[in-house]
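As structure tokens, the structure follows; a few thoughts come after it.
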Amino acid sequence: MSQLLQIENLHAEVAGKEILKGLNLAVNAGEVHAIMGPNGAGKSTLSKVLAGAEDYVVTSGAIRYRGNDIAALPAEQRAAQGIFMGFQYPVEIPGVSNMIFLKAAVNAQRKERGEPELAANDFLAWVRHRVKQMKMDPAMLSRGVNQGFSGGEKKRNEILQMLVLEPKLMVLDETDSGLDIDALRIVSDGINAMRSPERATILVTHYQRLLDYVQPDFVHVLAAGRIVRSGGPELARELEEKGYGWLQAA
Amino acid sequence: MAANPSDTLVPAKEIEALVQNRKYEAGFVTDIESERVPPGLSEDVIRLISAKKREPDWLLEFRLKAYRRWLTMAEPKWAHVHYPKIDFQAISYYAAPKSMANAPKSLAEVDPKLIETYNKLGIPLREQEILAGVVPDKPQVAVDVVFDSVSVGTTFKKKLAEAGVIFCSISEAVREHPELVKRYLGTVVPVGDNYYAALNSAVFTDGSFVFVPKGVRCPMELSTYFRINERNTGQFERTLIVCEDDAQVSYLEGCTAPQRDENQLHAAVVELVALDRAEIKYSTVQNWYPGDEEGRGGIYNFVTKRGDCRGRASKISWTQVETGSAITWKYPSCILRGDDSVGEFYSVALTHHRQQADTGTKMIHLGRNTRSTIVSKGISAGHAQQAYRGLVRINERAEGARNHTRCDSLLIGSNCGAHTFPYTEVRNPSAVLEHEATTSKIGDDQLFYCRSRGIGEEEAVSMIVNGFCKDVFKELPMEFAVEAQKLLQVSLEGAVG
Numbered sequence: 467m468s469q470l471l472q473i474e475n476l477h478a479e480v481a482g483k484e485i486l487k488g489l490n491l492a493v494n495a496g497e498v499h500a501i502m503g504p505n506g507a508g509k510s511t512l513s514k515v516l517a518g519a520e521d522y523v524v525t526s527g528a529i530r531y532r533g534n535d536i537a538a539l540p541a542e543q544r545a546a547q548g549i550f551m552g553f554q555y556p557v558e559i560p561g562v563s564n565m566i567f568l569k570a571a572v573n574a575q576r577k578e579r580g581e582p583e584l585a586a587n588d589f590l591a592w593v594r595h596r597v598k599q600m601k602m603d604p605a606m607l608s609r610g611v612n613q614g615f616s617g618g619e620k621k622r623n624e625i626l627q628m629l630v631l632e633p634k635l636m637v638l639d640e641t642d643s644g645l646d647i648d649a650l651r652i653v654s655d656g657i658n659a660m661r662s663p664e665r666a667t668i669l670v671t672h673y674q675r676l677l678d679y680v681q682p683d684f685v686h687v688l689a690a691g692r693i694v695r696s697g698g699p700e701l702a703r704e705l706e707e708k709g710y711g712w713l714q715a716a
Numbered sequence: 030m031a032a033n034p035s036d037t038l039v040p041a042k043e044i045e046a047l048v049q050n051r052k053y054e055a056g057f058v059t060d061i062e063s064e065r066v067p068p069g070l071s072e073d074v075i076r077l078i079s080a081k082k083r084e085p086d087w088l089l090e091f092r093l094k095a096y097r098r099w100l101t102m103a104e105p106k107w108a109h110v111h112y113p114k115i116d117f118q119a120i121s122y123y124a125a126p127k128s129m130a131n132a133p134k135s136l137a138e139v140d141p142k143l144i145e146t147y148n149k150l151g152i153p154l155r156e157q158e159i160l161a162g163v164v165p166d167k168p169q170v171a172v173d174v175v176f177d178s179v180s181v182g183t184t185f186k187k188k189l190a191e192a193g194v195i196f197c198s199i200s201e202a203v204r205e206h207p208e209l210v211k212r213y214l215g216t217v218v219p220v221g222d223n224y225y226a227a228l229n230s231a232v233f234t235d236g237s238f239v240f241v242p243k244g245v246r247c248p249m250e251l252s253t254y255f256r257i258n259e260r261n262t263g264q265f266e267r268t269l270i271v272c273e274d275d276a277q278v279s280y281l282e283g284c285t286a287p288q289r290d291e292n293q294l295h296a297a298v299v300e301l302v303a304l305d306r307a308e309i310k311y312s313t314v315q316n317w318y319p320g321d322e323e324g325r326g327g328i329y330n331f332v333t334k335r336g337d338c339r340g341r342a343s344k345i346s347w348t349q350v351e352t353g354s355a356i357t358w359k360y361p362s363c364i365l366r367g368d369d370s371v372g373e374f375y376s377v378a379l380t381h382h383r384q385q386a387d388t389g390t391k392m393i394h395l396g397r398n399t400r401s402t403i404v405s406k407g408i409s410a411g412h413a414q415q416a417y418r419g420l421v422r423i424n425e426r427a428e429g430a431r432n433h434t435r436c437d438s439l440l441i442g443s444n445c446g447a448h449t450f451p452y453t454e455v456r457n458p459s460a461v462l463e464h465e466a467t468t469s470k471i472g473d474d475q476l477f478y479c480r481s482r483g484i485g486e487e488e489a490v491s492m493i494v495n496g497f498c499k500d501v502f503k504e505l506p507m508e509f510a511v512e513a514q515k516l517l518q519v520s521l522e523g524a525v526g
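Protein chains in written order, with the working numbering: chain F, 467 to 716; chain W, 30 to 526.
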């Protein structure tokens, strides 16, 4: 198995406050990793640092993606190289239809990779296929990006974007929060559909619930800016029973 | 309501970098011999202009009356714009390409350099090309072109004449249809209406005239392109559009000017008259040279545009996309005189660098059950200042009048400003008025969201701005909506670091 992502002794701060304090993580292609942990541990910070948000500053350590340090790479280039982040709070862009947005994203990524743009018809068919897969109303494609969407619709839209873009490394920040049980199943199916030997997924979550649908290979506990414990799926169940307190005390 | 971005709306530093160079693609100068009246304004100059244009006495009298009124008036100072005092004696009030002295009989006789200029601007002046199907998908658009002070050619005249539509330069209309011009000129915007309207009435040189007779629906879009080429020249065009009962027309004007260090004055007057059940749709894509980053040069765009819904159930709709001019002062308005008449104003105004705009509309409800809609979208970047100023007046007799106003501002960067000055005067208690206003900025979160999907910053800004303007773009004729989007994109070019 080839290594897709390697994070070494990562320190990162936002607004001058250090959040990640020496984080280590290795993710191979084909794997699903779950990152759990109490509020304020740095889970969302990790997602944003991986996606390339500029107000999150890496102060030391390295993030290697397919062997290259990407710490200085702008967000759009990371996207083109296959890194996708599912937002905890997806952003609304009024007046810009989901269709236009998806098309702009796909073509920008293809351009960056030196590939030709997709023909309009092929693209439309591809998007419709994915919309159906996510059991969404095709009419949503002409609505503004996340404009007036419910919390659950927004999360579903994140997974739709992921399915359309077909990234290599998927970082999903609390994608399960705010979903009812039906939506959780659809979202999980979407995530599972992307599992393949070439891809890897990092699930950032508070709850065991999502992991019942998307089986992780590894579970990590993030506390106070570092991975304090790693294990298999059983670790998640243990956390569900005992909470995080016993780890922090240790 | 005024929003100052320096307090709560300070975006992060990367958006700061949005405010960079902007290319002005229409900024070339055409090297063409021209005949120009020396700078300065007096009754003699007005008589000279009138004589050059071989005008009838009544029009000279109209001009002189306006000039005498103008002398007694003072420049308006209430707008939220700042500029040095204009020296009206330093402006030349008439410039014409020399080859126009013996007016061409057809486009074939027009100076090839002029044609080249308009080709550069992408104006389909050569109707034969369009007719020959060079651009097969493009709908037919009749175009009148005004270069500095004179009209250089109107296309599709024959086809329009067959439908009974008159579309020509105002000078030609004065010669060929004096009774029509005399009946309507100055009836919507009187000579003494305001300082710049009075100046225009005194010295206007050319512009377009449209007359659509009873029951006729104009068979194609009409369009005028205005171009200021000469240095130190003012452009004072005059447009008059009349739709008789049940007539309809859609008209578009486009404007550009070369890049020059000095400021140039553009003081136009546009009058629209809609009789019973007539509909006039007037769209503007204005891209006058806005000046450079430091605010050097650029057009002063001081324009009076007014439509009179004179007949019952008539409708006048203004749509404007404005990205140009150093300073804009304009309020396309509707007088809703006829019962059940409808007025609309859809506006996108983009200001960048040191541009200043004070723009909006007036909806004057005089008739019963009159309705008006105002949608204004303002975008400010750089050090630009923009104000929306809108008046909704409901008079005593305007039983059942309605107005809906929506006014949104979008800020890019932390040094620009957006201000909203709504005025309402209601003298009839049955009126229903709604006013919505928002001020937002292109957020870091929106940009990051787009970038995390692979969309670069510049494209993201352009996409977000287009989304913001969607409600207005959908009011533009299709082909011009595309043009307007491109124009915004160009205007925001280099806006990202």
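Glycine included, each C-beta is placed from N, C-alpha and C at the ideal position. Here the structure is a predicted model, which is why all the values come from computation and not from measurement.
**Asked** Nearest chain F C-beta to SER2 of chain W closer than 7 Å, yes or no?
**Response** Not covered by the structure: residue 2 of chain W. The range shown for chain W is 30 to 526.
**Request:** Please check if any C-beta of chain F sits within less than 7 Å of the C-beta of ASP166 of chain W.
**Result:** The predicted model places ASP166 of chain W with a pLDDT of 41, which falls under 50 and marks its position as unreliable; any figure quoted below should be read in that light. No, its Cβ sits nowhere closer than 7 Å to a Cβ of chain F.
**Prompt:** From GLY698 of chain F to ALA666 of chain F, what distance separates their C-alpha atoms?
**Reply:** GLY698 of chain F and ALA666 of chain F: Cα-Cα distance of roughly 16 Å.
**Request:** Compare the C-alpha of ARG661 of chain F against each of F:GLY644, F:GLU497 and F:GLU619 and name the closest.
**Result:** Each of F:GLY644, F:GLU497 and F:GLU619 was checked against the Cα of ARG661 of chain F, and the nearest Cα belongs to F:GLU497.
**Message:** Please identify, using Cβ separations under 9 Å, the residues of the stretch 534–564 of chain F that lie next to chain W, in order along the chain.
**Reply:** Going along the stretch 534–564 of chain F in chain order, one finds PRO540, ALA541, GLU542, GLN543, ARG544, ALA545, ALA546, ILE549, PHE550, MET551, PHE553, TYR555, PRO556, VAL557, GLU558, ILE559, PRO560, GLY561, VAL562 and SER563 with a Cβ nearer than 9 Å to chain W.
**Message:** Which complete beta strand (DSSP E) runs does the stretch 216–285 of chain W hold, if anything under 3 residues is left out?
**Reply:** Secondary structure remark: continuous beta strand (DSSP E) runs of at least 3 residues inside the stretch 216–285 of chain W, in chain order: 237–241, 250–256, 267–272 and 277–285.
**Asked** Can you tell me the Cα-Cα spacing of PRO113 of chain W and ARG83 of chain W, whole angstroms?
**Response** Looking at the backbone, the Cα of PRO113 of chain W and that of ARG83 of chain W are separated by about 36 Å.
**Pairwise C-alpha distance: ASN505 of chain F and LEU590 of chain F** = Spanning the two alpha carbons is a distance of roughly 40 Å.
**Item:** Meets three-Cβ-pair contact criterion under 8 Å: the stretch 332–350 of chain W and the stretch 478–489 of chain W
**Value:** They do not touch, by the three-pair rule.
**Prompt:** When burial is assigned at 16 or more other CB atoms within 10 Å of the CB, is GLN681 of chain F buried or exposed?
**Reply:** With fewer than 16 Cβ atoms within 10 Å of its Cβ, GLN681 of chain F is classed as exposed.
**Asked** If you drop the 5 nearest sequence neighbours on each side, which residues of the same chain put their C-beta closer than 8 Å to that of LEU688 of chain F?
**Response** In its chain, beyond the 5 residues on either side, LEU489, ILE501, MET502, GLY503, ALA507, GLY508, LYS509, LEU512 and VAL694 have a beta carbon closer than 8 Å to the beta carbon of LEU688 of chain F.
**Message:** Please identify the residue among W:GLU208, W:THR380 and W:LEU269 whose C-alpha is closest to the C-alpha of HIS412 of chain W.
**Reply:** The candidate whose alpha carbon is nearest that of HIS412 of chain W is W:THR380.
**Asked** Could one say the Cβ of MET492 of chain W lies closer than 7 Å to chain F's Cβ atoms, at least one of them?
**Response** Among the CB atoms of chain F, one or more fall inside 7 Å of the CB of MET492 of chain W.
**Cβ separation of VAL203 of chain W and LEU88 of chain W, assumed to be a contact under 8 Å, to the nearest whole Å** = Going by Cβ atoms, the distance from VAL203 of chain W to LEU88 of chain W rounds to 6 Å, so yes, they are a contact pair.
**Message:** If contact is defined by three or more beta carbon pairs under 8 Å, each pair taking one atom from either stretch, is the stretch 387–398 of chain W in contact with the stretch 309–329 of chain W?
**Reply:** The stretch 387–398 of chain W and the stretch 309–329 of chain W do not touch, with fewer than three beta-carbon pairs separated by less than 8 Å.
**Asked** Between GLN475 of chain W and VAL593 of chain F, what straight-line distance do the alpha-carbon atoms span, to the nearest angstrom?
**Response** Looking at the two C-alpha atoms, the distance is approximately 22 Å.
**Message:** So for GLU201 of chain W, helix, strand or coil by DSSP?
**Reply:** For GLU201 of chain W, the secondary structure class from DSSP, reduced to helix, strand or coil, is helix.
**Message:** Quick check on GLN475 of chain W - is its C-beta less than 7 Å from some C-beta in chain F?
**Reply:** For GLN475 of chain W, the answer is yes, since a Cβ of chain F falls inside 7 Å of its Cβ.
**Request:** Compare the Cα-Cα distances from LYS116 of chain W to each of W:SER362, W:LEU516 and W:TYR329 and report the closest residue.
**Result:** In the sequence as presented, Lys is not what sits at residue 116 of chain W; that position holds Asp. Nearest option by C-alpha distance: W:TYR329.
**Asked** Thinking C-alpha only, which one of W:TYR224, W:TYR96 and W:GLU300 is nearest ARG339 of chain W?
**Response** Residue W:GLU300 is the option with its Cα nearest to ARG339 of chain W.
**Message:** For PHE91 of chain W, would you say it is in contact with chain F, using Cβ-to-Cβ distances shorter than 7 Å as the test?
**Reply:** Taking 7 Å as the threshold, the shortest C-beta distance from PHE91 of chain W to chain F does not fall below it.
**Asked** Thinking just about the alpha-carbon of each residue, which of W:VAL278, W:ALA80, W:ASN424 and W:PHE509 is nearest to the one in ARG400 of chain W?
**Response** Taking each of W:VAL278, W:ALA80, W:ASN424 and W:PHE509 in turn and checking the Cα distance to ARG400 of chain W, the smallest one comes out for W:ASN424.
**Request:** Could you tell me whether the Cβ of LYS499 of chain W comes closer than 7 Å to any Cβ of chain F?
**Result:** For LYS499 of chain W, the answer is yes, since a Cβ of chain F falls inside 7 Å of its Cβ.
**Request:** Just the C-alpha distance for ALA20 of chain W and ASP473 of chain W, rounded to the nearest angstrom, thanks.
**Result:** In the structure displayed, chain W extends from 30 to 526; residue 20 of chain W sits before or after that span and is not available.
**Prompt:** Mind pulling the beta strand (DSSP E) runs of 3 or more residues that sit fully within the stretch 86–126 of chain W?
**Reply:** Listed in chain order, they are 124–126.
**Three CB pairs or more closer than 8 Å across the stretch 547–557 of chain F and the stretch 622–639 of chain F** = Cβ pair count under 8 Å is three or more, so yes.
**Message:** Distance check for LYS188 of chain W and LEU160 of chain W, CA to CA, integer angstroms please.
**Reply:** Here LEU160 of chain W scores only 34 on pLDDT, less than 50, and its place in the model is too uncertain to base an answer on.
**Asked** Under a three-way DSSP split, which group does ASP678 of chain F fall into?
**Response** If DSSP states are grouped into helix, strand and coil, ASP678 of chain F belongs with the helices.
**Prompt:** What alpha helix (DSSP H) runs, 4 residues minimum, are completely inside the stretch 451–500 of chain W?
**Reply:** Complete alpha helix (DSSP H) runs here, min 4: 473–481.
**Prompt:** Using the beta-carbon of each residue, which ones in chain W are nearer than 7 Å to GLN469 of chain F?
**Reply:** Against chain W, the beta carbon of GLN469 of chain F has no neighbour under 7 Å; the closest one sits roughly 23 Å away.
**Message:** Measuring CB atoms only, is the stretch 453–468 of chain W touching the stretch 491–504 of chain W, in the sense that at least three cross pairs come out at less than 8 Å?
**Reply:** The stretch 453–468 of chain W vs the stretch 491–504 of chain W: no contact.
**Message:** Is there a C-beta anywhere in chain W that falls below 7 Å from the one on GLN681 of chain F?
**Reply:** So no, GLN681 of chain F is outside the interface.
**In DSSP terms, what ILE78 of chain W is bridged to** = In the DSSP assignment, ILE78 of chain W forms no beta bridge with any residue.
**Request:** Starting from the beta carbon of TYR280 of chain W, find every residue of chain F whose beta carbon is closer than 7 Å, and list them in chain order.
**Result:** Taking a Cβ-Cβ cut-off of 7 Å, TYR280 of chain W has no neighbours in chain F, whose nearest Cβ is about 26 Å from it.
**Request:** Could you work out which residue in W:LEU251, W:SER438 and W:SER405 is closest to PHE509 of chain W when comparing CA atoms only?
**Result:** Of the candidates W:LEU251, W:SER438 and W:SER405, the one whose C-alpha sits nearest the C-alpha of PHE509 of chain W is W:LEU251.
**Prompt:** For VAL220 of chain W versus ARG267 of chain W, is the C-beta distance shorter than 7 Å?
**Reply:** Not in contact: VAL220 of chain W and ARG267 of chain W (Cβ atoms no closer than 7 Å).
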